[in-house]
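**Q** Quick note: the sequence shown uses full-length UniProt numbering, first residue 1, plus one each step. Next up is a structure, given as structure tokens.
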Amino acid sequence: MQLIEQIAVNPKGNKLPVELVELNEASLVDQITTRSVELYRDQPKELQVQAVSSLVKGQHTFVRAGTGFGKTRISEMYFGLFEKKVVVLVLNPLDSLGDDQVREKKLVNITAINLTKMTLNMGTIKKILKGAFSFVYLSPEVFLNNSLFTEMFFSDEFQDMLALIVVDEAHMIYLWGLVASKQSKFLIIFDRHQDQAIFRPSYGLIGPRLMATNHVPVLLLSATCRPLAVSAITTSLMLQPTDIHMIEGELTRPEIRLIRVSMNFPLSSCDDLLRIFAPHTTTAAKDSVPMIIYSGSRNRTFQVMKVVNEARMTPKHEYDPNDGFIRRFHSVTGDDEKERTMDGFGKGQFPVISATMALGLGQNLKRIRSVVHMGRGDPAAIVQMVGRCGRDGKIGLGILFMEPTRKNGRNNIQDFEDGMVQNDDGRMDALAVTNCCLRIALTVDNK
Numbered sequence: 001m002q003l004i005e006q007i008a009v010n011p012k013g014n015k016l017p018v019e020l021v022e023l024n025e026a027s028l029v030d031q032i033t034t035r036s037v038e039l040y041r042d043q044p045k046e047l048q049v050q051a052v053s054s055l056v057k058g059q060h061t062f063v064r065a066g067t068g069f070g071k072t073r074i075s076e077m078y079f080g081l082f083e084k085k086v087v088v089l090v091l092n093p094l095d096s097l098g099d100d101q102v103r104e105k106k107l108v109n110i111t112a113i114n115l116t117k118m119t120l121n122m123g124t125i126k127k128i129l130k131g132a133f134s135f136v137y138l139s140p141e142v143f144l145n146n147s148l149f150t151e152m153f154f155s156d157e158f159q160d161m162l163a164l165i166v167v168d169e170a171h172m173i174y175l176w177g178l179v180a181s182k183q184s185k186f187l188i189i190f191d192r193h194q195d196q197a198i199f200r201p202s203y204g205l206i207g208p209r210l211m212a213t214n215h216v217p218v219l220l221l222s223a224t225c226r227p228l229a230v231s232a233i234t235t236s237l238m239l240q241p242t243d244i245h246m247i248e249g250e251l252t253r254p255e256i257r258l259i260r261v262s263m264n265f266p267l268s269s270c271d272d273l274l275r276i277f278a279p280h281t282t283t284a285a286k287d288s289v290p291m292i293i294y295s296g297s298r299n300r301t302f303q304v305m306k307v308v309n310e311a312r313m314t315p316k317h318e319y320d321p322n323d324g325f326i327r328r329f330h331s332v333t334g335d336d337e338k339e340r341t342m343d344g345f346g347k348g349q350f351p352v353i354s355a356t357m358a359l360g361l362g363q364n365l366k367r368i369r370s371v372v373h374m375g376r377g378d379p380a381a382i383v384q385m386v387g388r389c390g391r392d393g394k395i396g397l398g399i400l401f402m403e404p405t406r407k408n409g410r411n412n413i414q415d416f417e418d419g420m421v422q423n424d425d426g427r428m429d430a431l432a433v434t435n436c437c438l439r440i441a442l443t444v445d446n447k
């Protein structure tokens, strides 16, 4: 019998320098730290260096650390170690989040593009394959269901350039899996946070596509991801727990104080906000605390504006697009208006934004001092939203307005039996009734 000829497998074209890969652990850490200081002029955090070191070794890496930790810098630090043109692919739950990240990359002189239905065409594909963009952002819709991108993704040219796949807000893989398995039909949390992401049953297939590469490491980032979600994500990626290097940071933010307030009015009215705003004759806009008020639906963002203007005795100001106190932001807001709102808020032209979860994920808004959340919600989502404040290290305040009762929900501690397995709705109700310190409760929830 004639032996089958052995064919040598060509190494990947996007390998790191050999001298870097062969360094021992201590020397590798020193090299990563030195390179980071050259790029950013400040000392990287220990866990950032640890994550980059894990990626250099080709390990799939899951970083769980609180908002404001600097998780997005990890991929930039890893990218900076390559001597040739490579591409980092970043998966975002919403198209609008990619636009924010592209603006952030421009500040550090990194070329980036957000692939949407409007920007993805043959001309863009050719530019990517020529190495015109170092970071490519896209949503699951493009990643899974766009034939142009699929053809490019599996091409030899792109696979040779692909150095890293990043999944921002990795807990979304868990939620997409719930939708794919139809478990979401029985969970209220999916109706509580509009604009958190787009949910389609096909997104449950995202795991196999992420792993369909030539030994490219995957970097998973999340500010909150409890063990059940981590296990589901690992299963979705068809990996064993030992195949993912877990890096655990501080999930809670000690500089943020959390206050839970029982609501006296229906959630749809938002009238509980009347308690926290003074008339404009008492507190001027320039003296007000910069804050975001998060609502669960786009329609309610406008109701919030009406109530705030009622409290400030400035009726009908919610119809003024140039109002000097409050404006709104959600996924359907026009791109120009989104940019104008964010630019105006950053420059201090107004202190309050009424928003859905379309605002804030992945953004570094250092001006925010307080975050208000209306109604019960998924603890993981609430952690994300409250984490928008205090990004500059100063004290922040999270105010959680929660209904004392929810129809068909658990509304007192006695409704939770010892040993009961909580689903996501149970966790939502538990956060609303627990007597425990909220920071401790959220920390334990992620352990």
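Using N, Cα and C, we set each Cβ at its ideal position, and we do this for glycine too.
Rounding to the nearest angstrom, what Cα-Cα distance links Met313 and Asp320 in this structure?
**A** If you number the sequence shown from 1, residue 313 lands on position 313. If you number the sequence shown from 1, residue 320 lands on position 320. Near 15 Å, if we compare the C-alpha coordinates of Asp320 and Met313.
**Q** Any chance you could list the alpha helix (DSSP H) runs of at least 4 consecutive residues sitting entirely within the stretch 91–123, in chain order?
**A** Segments of the alpha helix (DSSP H) lying fully in the stretch 91–123: 95–107.
**Q** Which whole-angstrom value is the C-beta distance of Ile368 and Arg340, which I expect to be below 8 Å?
**A** Counting from 1 along the sequence shown, the entry for residue 368 is found at position 368. Counting from 1 along the sequence shown, the entry for residue 340 is found at position 340. Their Cβ separation, rounded to whole angstroms, is 18 Å, which puts Ile368 and Arg340 out of contact at 8 Å.
**Q** Mind checking Cys437: buried by the 16 CB within 10 Å criterion, or exposed?
**A** In the sequence shown, counting from the first residue as 1, residue 437 sits at position 437. Exposed, because fewer than 16 other Cβ atoms sit within 10 Å of the Cβ of Cys437.
**Q** Rank Ala112, Thr67 and Leu148 by C-alpha distance to the C-alpha of Met122 and give the top, closest one.
**A** Here residue 122 refers to the residue found at position 122 of the sequence shown. Here the closest residue by C-alpha is Leu148.
**Q** Shortest alpha-carbon distance to Glu46 belongs to which of Arg209, Leu28 and Pro208?
**A** What you label residue 46 is simply residue 46 of the sequence shown in a count that begins at 1. It is Leu28 whose Cα lies nearest to the Cα of Glu46.
**Q** What residues are listed by DSSP as bridge partners for Arg327?
**A** To locate residue 327, count along the sequence shown from 1; it is residue 327. In the DSSP output, where bridge partners are listed per residue, Arg327 has Ile353.
**Q** Counting along the chain, where does the alpha helix (DSSP H) carrying Arg439 start and finish?
**A** Residue 439 sits at position 439 when you count from the first residue of the sequence shown. Here the alpha helix (DSSP H) through Arg439 covers Leu438 to Asp445.
**Q** State the Cα-Cα distance for the pair Glu169 and Ile353, rounded to the nearest angstrom.
**A** Residue numbering aside, residue 169 sits at position 169 when the sequence shown is read from its first letter. Residue numbering aside, residue 353 sits at position 353 when the sequence shown is read from its first letter. Cα to Cα, the separation comes out at about 22 Å.
**Q** Rounding to the nearest angstrom, what Cα-Cα distance links Val18 and Asn24 in this structure?
**A** Residue 18 sits at position 18 when you count from the first residue of the sequence shown. Residue 24 sits at position 24 when you count from the first residue of the sequence shown. Using only the alpha carbons, I get a separation of about 12 Å.
**Q** With a threshold of 6 Å on Cβ separation, who are the neighbours of Phe69 within its own chain once the five nearest residues in sequence on each side are excluded?
**A** The residue labelled residue 69 in the question sits at position 69 within the sequence shown. Same-chain partners within the cutoff: Gly249.
**Q** Is the beta carbon of His60 sitting closer than 7 Å to the one on Ile173?
**A** Residue mapping note: residue 60 aligns to position 60 of the sequence shown, counting from 1. Residue mapping note: residue 173 aligns to position 173 of the sequence shown, counting from 1. Cβ atoms of His60 and Ile173: not closer than 7 Å.
**Q** Quick one: Cα of Val307 to Cα of Ile395, how far?
**A** Taking the first residue of the sequence shown as 1, we reach residue 307 at position 307. Taking the first residue of the sequence shown as 1, we reach residue 395 at position 395. In a straight line, the C-alpha of Val307 is about 27 Å away from that of Ile395.
**Q** If Ile292 sits next to Val371, beta carbons under 8 Å apart, how far is it from one beta carbon to the other, in whole angstroms?
**A** The residue given as residue 292 occupies position 292 in the sequence shown. The residue given as residue 371 occupies position 371 in the sequence shown. Rounded, the Cβ-Cβ distance is 5 Å, consistent with contact.
**Q** Three-state secondary structure (DSSP) at Ile368?
**A** For the purposes of this step, residue 368 is identified with residue 368 of the sequence shown, where counting begins at 1. Looking at Ile368 - three-state DSSP - the assignment turns out to be coil, as it is neither helix nor strand.
**Q** What are the residues that DSSP puts in a beta bridge with Gly396?
**A** Here residue 396 corresponds to residue number 396 of the sequence shown, with the count starting at 1. Gly396 is bridged to Ile256.
**Q** Helix, strand or coil, according to DSSP, for Arg64 in the structure here?
**A** To locate residue 64, count along the sequence shown from 1; it is residue 64. Of the three classes helix, strand and coil, the one that applies to Arg64 here is strand, per DSSP.
**Q** Flag this pair as yes or no: are the beta carbons of Tyr78 and Gln101 separated by less than 7 Å?
**A** Locating residue 78 in the sequence shown gives position 78, counting from the first residue. Locating residue 101 in the sequence shown gives position 101, counting from the first residue. No, they are not a contact pair.
**Q** Between the C-alpha atoms of Lys407 and Phe265, what's the straight-line distance to the nearest angstrom?
**A** Here the question's residue 407 lines up with position 407 in the sequence shown. Here the question's residue 265 lines up with position 265 in the sequence shown. Straight-line Cα distance between these residues: approximately 15 Å.
**Q** By a C-beta neighbour count over all protein chains shown, 10 Å radius and 16 as the cutoff for buried, is Asn322 buried or exposed?
**A** Position 322 of the sequence shown holds residue 322. With fewer than 16 other Cβ atoms within 10 Å, it is exposed.
**Q** Rounded to the nearest angstrom, what separates Lys15 and Gly324 at their Cα positions?
**A** Taking the sequence shown and counting its residues from 1, one reaches residue 15 at position 15. Taking the sequence shown and counting its residues from 1, one reaches residue 324 at position 324. Answer to the nearest angstrom: the Cα atoms are 52 Å apart.
**Q** Within 7 Å (strictly less), CB to CB, does Lys447 reach chain B?
**A** Checking the listed chains, one finds no chain B in this structure; it contains a single protein chain.
**Q** I need the straight-line Cα distance from Ala432 to Leu400, nearest angstrom please.
**A** Within the sequence shown, numbered from 1, the residue matching residue 432 stands at position 432. Within the sequence shown, numbered from 1, the residue matching residue 400 stands at position 400. Cα to Cα, the separation comes out at about 9 Å.
**Q** Where does Asp429 land, buried or exposed, given buried means 16+ other C-beta within 10 angstroms?
**A** Here residue 429 is taken as the residue at index 429 of the sequence shown, counted from 1. Asp429 comes out buried.
**Q** So, is Gly348 buried or exposed, given that buried needs 16 or more other C-beta atoms within 10 angstroms?
**A** As a position in the sequence shown, residue 348 is number 348, starting the count at 1. Counting Cβ neighbours within 10 Å, Gly348 comes out exposed, since fewer than 16 surround it.
**Q** Return the chain-ordered list of same chain residues with a C-beta closer than 7 Å to the C-beta of Arg73, the five sequence neighbours on each side being excluded.
**A** For the purposes of this step, residue 73 is taken as the residue at position 73 of the sequence shown. Closer than 7 Å at Cβ, skipping near neighbours: Gln48.
**Q** Which whole-angstrom value is the C-beta distance of Val218 and Val142, which I expect to be below 8 Å?
**A** For the purposes of this step, residue 218 is taken as residue 218 along the sequence shown, with counting starting at 1. For the purposes of this step, residue 142 is taken as residue 142 along the sequence shown, with counting starting at 1. The Cβ separation is near 18 Å, so there is no contact.
**Q** Out of Asp156, Pro254 and Ala163, which has the shortest C-alpha to C-alpha gap to Lys57?
**A** One-based indexing of the sequence shown puts residue 57 at position 57. Comparing Cα positions, the closest option is Ala163.
**Q** Just to confirm the assignment, what range does the alpha helix (DSSP H) spanning Glu46 have?
**A** Taking the first residue of the sequence shown as position 1, residue 46 is located at position 46. Glu46 to Val56 is the extent of the alpha helix (DSSP H) around Glu46.
**Q** Using the C-alpha atoms, what's the distance from Ile326 back to Pro254?
**A** What you label residue 254 is simply residue 254 of the sequence shown in a count that begins at 1. What you label residue 326 is simply residue 326 of the sequence shown in a count that begins at 1. Cα to Cα, the separation comes out at about 28 Å.
**Q** What's the C-alpha gap between Phe345 and Arg439?
**A** Numbered from 1 along the sequence shown, position 345 holds the residue referred to as residue 345. Numbered from 1 along the sequence shown, position 439 holds the residue referred to as residue 439. Each residue's alpha carbon lies about 28 Å from the other.
**Q** Using the C-alpha atoms, what's the distance from Ser139 back to Pro290?
**A** Reading the sequence shown from its first residue, position 290 is the one you call residue 290. Reading the sequence shown from its first residue, position 139 is the one you call residue 139. Approximately 30 Å between the Cα atoms of the pair.
**Q** Name the residue from Ser295, Glu38, Asn114 and Ser222 whose alpha carbon lies nearest to the alpha carbon of Thr67.
**A** Translated into positions along the sequence shown, residue 67 becomes position 67. It is Ser222 whose Cα lies nearest to the Cα of Thr67.
**Q** What's the gap between the Cα of Met238 and the Cα of Leu210?
**A** Along the sequence shown, one-based indexing puts residue 238 at 238. Along the sequence shown, one-based indexing puts residue 210 at 210. Roughly 10 Å between the two C-alpha positions.
**Q** Unbroken alpha helix (DSSP H) runs of length 4 or more, entirely within the stretch 236–312: which are they?
**A** 298–311, all fully within the stretch 236–312.
**Q** Going by CA-CA distance only, name the one from Leu107, Ala132, Ile256 and Ala212 that's closest to Phe154.
**A** Walking along the sequence shown from the start, residue 154 turns up at place 154. The option with the nearest alpha carbon to Phe154 is Ala212.
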